[in-house]
Amino acid sequence: MKTIVPIFFSVNDAYSPFLATAIHSIRENASPDFRYHIHILTDDISEENRRKLSALGTDSFCIEFHPLSRLLRSLPAVEKLSQHCFGAFSSLTIYFRLFIPELFPQYDKGIYLDADLVVPGDISWLYREPLGRRLVGAVADYSIQKIAPFMQYIDEYVGVDHKNYVNSGVLLLNMKRLREVDLSGRFLSWVEKYGLETVAPDQDYLNALCWDGIQYLDPDWNAMPSECLSVMDNPQIIHFNLASKPWLNEQVPYDQVFWKYAAGTGYEAEIKARRRAFLQDSAAVKQYKGEVRRLIRMAARLTRSERSFRSLIESRQELRLSS
Numbered sequence: 512m513k514t515i516v517p518i519f520f521s522v523n524d525a526y527s528p529f530l531a532t533a534i535h536s537i538r539e540n541a542s543p544d545f546r547y548h549i550h551i552l553t554d555d556i557s558e559e560n561r562r563k564l565s566a567l568g569t570d571s572f573c574i575e576f577h578p579l580s581r582l583l584r585s586l587p588a589v590e591k592l593s594q595h596c597f598g599a600f601s602s603l604t605i606y607f608r609l610f611i612p613e614l615f616p617q618y619d620k621g622i623y624l625d626a627d628l629v630v631p632g633d634i635s636w637l638y639r640e641p642l643g644r645r646l647v648g649a650v651a652d653y654s655i656q657k658i659a660p661f662m663q664y665i666d667e668y669v670g671v672d673h674k675n676y677v678n679s680g681v682l683l684l685n686m687k688r689l690r691e692v693d694l695s696g697r698f699l700s701w702v703e704k705y706g707l708e709t710v711a712p713d714q715d716y717l718n719a720l721c722w723d724g725i726q727y728l729d730p731d732w733n734a735m736p737s738e739c740l741s742v743m744d745n746p747q748i749i750h751f752n753l754a755s756k757p758w759l760n761e762q763v764p765y766d767q768v769f770w771k772y773a774a775g776t777g778y779e780a781e782i783k784a785r786r787r788a789f790l791q792d793s794a795a796v797k798q799y800k801g802e803v804r805r806l807i808r809m810a811a812r813l814t815r816s817e818r819s820f821r822s823l824i825e826s827r828q829e830l831r832l833s834s
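According to our numbering, the sequence shown is numbered sequentially starting from 512.
Here you go:
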């Protein structure tokens, strides 16, 4: 009996072409010694896109769709919390990765991936990475290392060392341990009691809560195109985070790898057409380029706040999970 490697994504319909590219790259490079179960959490993927995504599956590479909002409503206190802190229930979907261990109790270990990436390496080696009692395995977010407002925000507001602040787009989850320490319950309690504003909601909470239980992975498992980073010779996962997306820009590090896998999805022409339309829309380009500046301004504002993750943790150490 082959070991099952569970892999989780959470996307909307617009991201279907990029999700297909990610899934295709995983399938092309994954070891045949394992079986793979791709769990796609979504509420709005069209029937046509479901058909295209499902066509990427094989006997040993299962693709399954789950209604995200229905799953989240199965968790105690989520409905109340959504009204109390967020207003629109759907806003909670960005925190999905924090609920995976509770929603899928059949697994003791799993992988969460953002959909804006490709996997030229063998994903089974990530799954085989030993965690011991560590809560999560992740890569430090080197893409923010030269952006002073972000570094200060992480140090002073999130309350962790910015040099070791991890990116949540690639996570190896010790799901058994995360259930034991009640990650989802502790997160819900945090938000209900304190309702802290954040620049990167799920990522900031993950770092603040799990800081003492992080296993740092080789940077090859989350290579991010950035002026802060050198191009890697043999990246195992390439994560096109922030503004570095080949479907919105003509020149991005590693973009040739993205297009290699996009060509096998049936979406390549659509993705290129989207990019042409985007680059010809000056208002859309201006808004897109302004998003990072908006986040920088937000980070600077929050850093000046009296109440922060750091101040709460310093007054109540038990708020932080332990491995």
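Ideal Cβ placement from N, Cα and C applies to all residues, glycine included.
Rank the options by C-alpha distance to the C-alpha of residue i and give the top, closest one.
| i | options | result |
| --- | --- | --- |
| N560 | L830, R812, A811 and E781 | E781 |
| I551 | L637, I605 and L530 | L530 |
| L582 | E575, L564 and F607 | F607 |
| E691 | S834, F576, S819 and A719 | S834 |
| V630 | A525, L813, K783 and E539 | E539 |
| L579 | L830, R562, A651 and D524 | D524 |
| G680 | A533, L830 and L564 | A533 |
| L628 | R805, F769, A795 and V647 | F769 |
Report the rounded CA-to-CA distance for residue i versus residue j, giving the unit in angstroms.
| i | j | result |
| --- | --- | --- |
| A773 | R645 | 35 Å |
| K797 | Y676 | 29 Å |
| E825 | V669 | 11 Å |
| D693 | W722 | 15 Å |
| V522 | M512 | 31 Å |
| G696 | I748 | 30 Å |
| E761 | Q767 | 11 Å |
| K800 | P746 | 26 Å |
| L790 | D554 | 29 Å |
| A626 | L823 | 33 Å |
| H577 | S557 | 13 Å |
| R815 | P660 | 11 Å |
| D713 | F572 | 28 Å |
| I655 | F820 | 19 Å |
| R786 | P757 | 8 Å |
| A719 | I605 | 17 Å |
| R827 | W636 | 37 Å |
| I549 | Y653 | 28 Å |
| G724 | S793 | 44 Å |
| R808 | I658 | 12 Å |
| I537 | V647 | 21 Å |
I'd like to check one pair, residue j with residue i: are the Cβ atoms closer than 8 Å?
| i | j | result |
| --- | --- | --- |
| L682 | A649 | yes |
| L609 | F698 | yes |
| Y716 | W701 | yes |
| P730 | L684 | no |
| L545 | T569 | Checking the sequence, you will find Phe at residue 545 rather than Leu. For F545 and T569, no; Cβs fall outside 8 Å. |
| V516 | Y638 | yes |
| S542 | D619 | no |
| L753 | V803 | yes |
| A810 | Y664 | yes |
| Y778 | P528 | yes |
| M686 | G621 | yes |
| L813 | E708 | yes |
| R574 | L564 | Per the sequence presented here, residue 574 reads as Ile, with Arg not at that position. Cβ atoms of I574 and L564: closer than 8 Å. |
Once the 5 residues before and after residue i are set aside, which same chain residues still bring their CB inside 8 Å of it?
| i | result |
| --- | --- |
| G598 | With a pLDDT of only 40 at G598, under the threshold of 50, the placement of this residue in the model should not be trusted; the figure read from the coordinates follows. For G598, where only same-chain residues beyond five positions count, there are no Cβ hits under 8 Å. |
Report all residues from its chain with a CB closer than 6 Å to the CB of residue i; omit the five preceding and five following residues, and keep chain order.
| i | result |
| --- | --- |
| D666 | H673 |
| A734 | M743, P746 and I749 |
| E817 | none |
Which residues in the same chain have their Cβ closer than 7 Å to the Cβ of residue i, if we skip the five residues on either side of it in sequence?
| i | result |
| --- | --- |
| P736 | F751, S755, V763, P764 and Y765 |
| H535 | L567, Y772, G775 and T776 |
| H595 | Only weak support is given to the placement of H595: the predicted model assigns it a pLDDT of 46, under 50, and the value that follows is read from those uncertain coordinates. These residues qualify, in order along the chain: E703. |
| L759 | R786, F789 and Y799 |
| L640 | Note that residue 640 corresponds to Glu in the displayed sequence, not to Leu. For E640, where only same-chain residues beyond five positions count, the Cβ hits under 7 Å are G648, L683 and L728. |
Inset, instruction - Please go through the stretch 704-749 and give each complete beta strand (DSSP E) segment of 3 or more residues, from N-terminal end onward. - result: The stretch 704-749 contains these whole beta strand (DSSP E) runs: 725-727.
Inset, instruction - Just list the alpha helix (DSSP H) runs in the stretch 536-566, keeping only unbroken ones of 4 residues or longer that don't cross its boundaries, in chain order. - result: 558-565
Inset, instruction - Could you name each continuous alpha helix (DSSP H) segment of 4 residues or more that falls completely within the stretch 634-714, going from the start of the chain to the end? - result: 634-638, 659-664, 686-691 and 694-705
Inset, instruction - Identify every run of the alpha helix (DSSP H) within the stretch 758-819, keeping only runs that are complete inside it and at least 4 residues long; order them along the chain. - result: 766-773, 779-790 and 793-814
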